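A.B. asks: Please read through the structure below; I'll follow up with questions.
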Amino acid sequence: MKYMVELCVDAQTGNELEAKSGGPGPVIGRVLGRFKPEVVYMTTTERKIYMVVNLEDPPSVTELMVAGAKIAGSYPKFTPVVAGDDFGEVVGKALPAANAIVDG
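This note's numbering puts the first residue of the sequence shown at 221, with every later residue one more than the last.
Here it is as structure tokens:
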């Protein structure tokens, strides 16, 4: 399943990462190399990273959560997402099932 993951590094942890040899680059590189996001954006006003990743199973989600929390000093936020082209199919399957639950 695809997730948009927001990783927000708190100020103290960011300062500690920057003080390490090589700065935050090596650890961020390992995260990107391991999870191979489809897209990555980094903010210029805060220490935040947004990425869309395909995580195949719960252990992969947990792995990124634990690594992200250790890197950032806070838990990453995971939002399940689907591509715009796939949204109609998802809604087409979900709505009848949801309506069956609600309407009996």
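Each residue gets a CB set at the ideal place from its N, CA and C atoms; glycine is no exception. Since we're looking at a predicted model, the values are computed, not measured.
Three or more C-beta pairs closer than 8 Å, one from the region 225 to 237 and one from the region 261 to 274: is that the case here?
C.D. replies: yes
A.B. asks: Is the beta carbon of Val-260 less than 8 Å from the beta carbon of Lys-222?
C.D. replies: Going by C-beta atoms, Val-260 is not nearer than 8 Å to Lys-222.
A.B. asks: In whole angstroms, what is the alpha-carbon distance linking Ser-294 and Gly-304?
C.D. replies: The straight-line gap from Cα to Cα measures roughly 30 Å.
A.B. asks: Figure out for me which residue from Ile-291, Phe-298, Lys-256 has the closest Cα to the Cα of Val-281.
C.D. replies: Phe-298
A.B. asks: According to DSSP, what are the bridge partners of Lys-222?
C.D. replies: Asn-274, Val-301
A.B. asks: Can you tell me which of the three DSSP states Lys-290 falls into?
C.D. replies: helix
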